[in-house]
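> Quick one: the structure is below, and I'll ask about it shortly.
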Amino acid sequence: MMKRIFISILAVVLIVVTGCGRAKPWVQAGAESIDVPGDKLTRELSTGAEGTQNRWTGHITAYAAVRPPIPNARLQPPAVSPGARWIAYLAPSDSGEHAGSDGLITGKGLSGVSLWVRALDRATDPRPVALSGASWPSWSADGRVLAFVTFDKGRRSTLGLYHVQTGEVQRKAVGLRCVLMPAFNPSGTRIAVSAYGEVPDQALIFIIDPQIDQAQPGPPAGDGAQLLPRWVDDQTLLFLELSKDSVRLKRWTIGDNNSAVIAELPGPDSIFDAQHMFAGIADPLRSDIGAYTYYNLAEDRIEMLDLATLGT
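Okay, structure coming up:
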């Protein structure tokens, strides 16, 4: 039975600051003092424009619905569709070889990993999308199509498309041996993928037209592997170029003969670690394309890059 929790919080906050010392919560929180005279700070916080006492009133209403648990394959977090109508998740089988995080790059250990989709706005049974070798679920901007990758026993991969409304699953044979990291452009007319033949560190980005099942080379090859493409618009994408010496955030527009370096990022020197630079980040690009967010593995923290100041 679905349970609903309705929480209504009415908070009335009255702040009066005296110069008598610090409250214990501030000490416990490790707050730092502000270089403002105590009497001035008291006046600014305790009085309004006309000398009246300041008061803030907030009203927050939250709604939550209990849903069935989601299996954890310990590979990638679930992918929620835009609009939060659907959730795609990987599930491990009860038996089979163990899938390590490197399996997302090589396909090793993914034979027992399946992909499922379930509605979030109503209680329904999950739908099977791929029963083995599944990885890299990624939604279209309208939430109608889910792209994913499946590896076979020979560790060759195929790009798949799942259409939510019809339940149809399409397999796209485009001549790429190992396909990784699919990303739809905003209109859903193109899919950028990172792909390689034998050596993962030689991965390059290709642009796939799902209507004609054709892949075209993407950005010109540079000094390292091209990874984690994200579209700025229908023609332009950002991606990471990983070499032994650096991780570069680059920008490329379809038809250009060169890609531009946007910034140098702190990062690992291996594709097996670089795949985690979006760990826990659903979308690294802010909605206004003004910032790029990534996980700094070396410092173990989330960092945000201001793209507006870099002229992207």
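Mapping to the numbering used here: the sequence shown position 311 is 679, numbers consecutive.
Ideal Cβ placement from N, Cα and C applies to all residues, glycine included.
Nothing here was measured: the structure is a model prediction, and the numbers come from that model.
I'd like to know if the region 517 to 524 and the region 537 to 550 are in contact, where contact means that at least 3 CB-CB pairs between them fall below 8 Å.
yes
> Looking at the unbroken beta strand (DSSP E) that takes in Phe-552, where does it start and where does it end?
Residue mapping note: residue 552 aligns to position 184 of the sequence shown, counting from 1. Here the beta strand (DSSP E) through Phe-552 covers 546 to 552.
> For Leu-472, which of helix, strand or coil comes out of DSSP?
For this step, residue 472 is matched to residue 104 along the sequence shown. Correct three-state label for Leu-472: helix.
> Can you list, in chain order, the residues of its chain whose CB lies under 6 Å from that of Tyr-564, leaving out five sequence neighbours each side?
To locate residue 564, count along the sequence shown from 1; it is residue 196. So the list reads Cys-546, Gln-570, Ala-571, once near-sequence residues are dropped.
> The alpha helix (DSSP H) with Phe-646 in it runs from where to where?
In the sequence shown, residue 646 corresponds to position 278, counting from 1. Note, Phe-646: premise wrong, no alpha helix (DSSP H); not H, not E.
> Report the three-state DSSP secondary structure of Leu-499 (helix, strand or coil).
Against the sequence shown, residue 499 aligns to sequence position 131. Correct three-state label for Leu-499: coil.
> Who are Asp-674's beta bridge partners in DSSP?
Indexing the sequence shown from 1 puts residue 674 at position 306. The partner list for Asp-674 (beta bridge, DSSP) reads Ala-659.
> Could you tell me the alpha carbon to alpha carbon distance between Ala-647 and Ser-500, rounded to whole angstroms?
Translated into positions along the sequence shown, residue 647 becomes position 279. Translated into positions along the sequence shown, residue 500 becomes position 132. If I take the Cα positions, the gap works out to 23 Å.
> Keeping to the same chain, check which residues put their C-beta closer than 7 Å to that of Asp-651; ignore five residues upstream and five downstream.
If you number the sequence shown from 1, residue 651 lands on position 283. Cβ neighbours of Asp-651 beyond the five flanking positions: none.
> Looking only at C-alpha atoms, which of Pro-588, Ala-487, Leu-458, Thr-557 sits nearest to Asp-577?
Your numbering for residue 577 matches position 209 in the sequence shown. With distances taken between Cα atoms, Asp-577 lies closest to Thr-557.
> Taking the alpha carbon of His-644 as the point to measure from, which residue in Val-561, Leu-596, Leu-606, Val-567 has its own alpha carbon closest?
Here residue 644 corresponds to residue number 276 of the sequence shown, with the count starting at 1. It is Leu-596 whose Cα lies nearest to the Cα of His-644.
> If you reduce the DSSP assignment to three classes, tell me which class Asp-709 lands in.
The shown model of the chain, from 369 to 680, leaves out residue 709, and the question about it has no answer.
> Whole angstroms are fine: how far does the CA of Gly-426 sit from the CA of Val-497?
Numbered from 1 along the sequence shown, position 129 holds the residue referred to as residue 497. Numbered from 1 along the sequence shown, position 58 holds the residue referred to as residue 426. Each residue's alpha carbon lies about 44 Å from the other.
> Curious, which full-length alpha helix (DSSP H) runs of at least 4 residues does the region 575 to 656 contain?
639 to 642
> Considering only residues of the same chain and omitting the five flanking positions on each side of Ala-487, which have a CB-CB separation below 7 Å?
Here residue 487 refers to the residue found at position 119 of the sequence shown. Within the same chain, Ala-487 has close Cβ partners Arg-453, Trp-454.
> Under the rule that 16 or more other beta-carbon atoms within 10 Å means buried, what is Ala-502, buried or exposed?
Position 134 of the sequence shown, counted from the start, is the residue given in the question as residue 502. By the neighbour-count rule (16 or more Cβ atoms within 10 Å), Ala-502 is buried.
> Could you check whether Ser-555 and Asp-624 sit closer than 8 Å to each other, using their CB atoms as the reference points?
What you label residue 624 is simply residue 256 of the sequence shown in a count that begins at 1. What you label residue 555 is simply residue 187 of the sequence shown in a count that begins at 1. No, the pair does not count as a contact, with Cβ atoms beyond the cut-off.
> Going straight from the alpha carbon of Ser-482 to that of Ala-459, what length do you get?
Position 114 of the sequence shown, counted from the start, is the residue given in the question as residue 482. Position 91 of the sequence shown, counted from the start, is the residue given in the question as residue 459. Each residue's alpha carbon lies about 5 Å from the other.
> Could you compute how far the alpha carbon of Pro-436 sits from the alpha carbon of Asp-462?
Along the sequence shown, one-based indexing puts residue 436 at 68. Along the sequence shown, one-based indexing puts residue 462 at 94. Their backbone Cα atoms lie some 19 Å apart in a straight line.
> Between the C-alpha atoms of Arg-372 and Ala-433, what's the straight-line distance to the nearest angstrom?
On the sequence shown, residue 372 is found 4 positions in, with the first residue counted as 1. On the sequence shown, residue 433 is found 65 positions in, with the first residue counted as 1. Because the pLDDT of Arg-372 is 37, which lies under 50, any placement of that residue in the model is unreliable, and the number read from its coordinates should be weighed accordingly. For the pair Arg-372 and Ala-433, the Cα-to-Cα distance works out to about 5 Å.
> Between the alpha carbons of Gln-584 and Ala-593, how many angstroms are there, rounded?
The residue given as residue 584 occupies position 216 in the sequence shown. The residue given as residue 593 occupies position 225 in the sequence shown. Near 17 Å, if we compare the C-alpha coordinates of Ala-593 and Gln-584.
> Classify Glu-566 as buried or exposed, calling it buried when 16 or more other Cβ atoms lie within 10 Å of its own Cβ.
The sequence position of residue 566 within the sequence shown is 198, counting from 1. Its Cβ having fewer than 16 others within 10 Å, Glu-566 is exposed.
> What does the alpha-carbon distance come out to for the pair Leu-675 and Leu-606?
Taking the first residue of the sequence shown as 1, we reach residue 675 at position 307. Taking the first residue of the sequence shown as 1, we reach residue 606 at position 238. About 11 Å.
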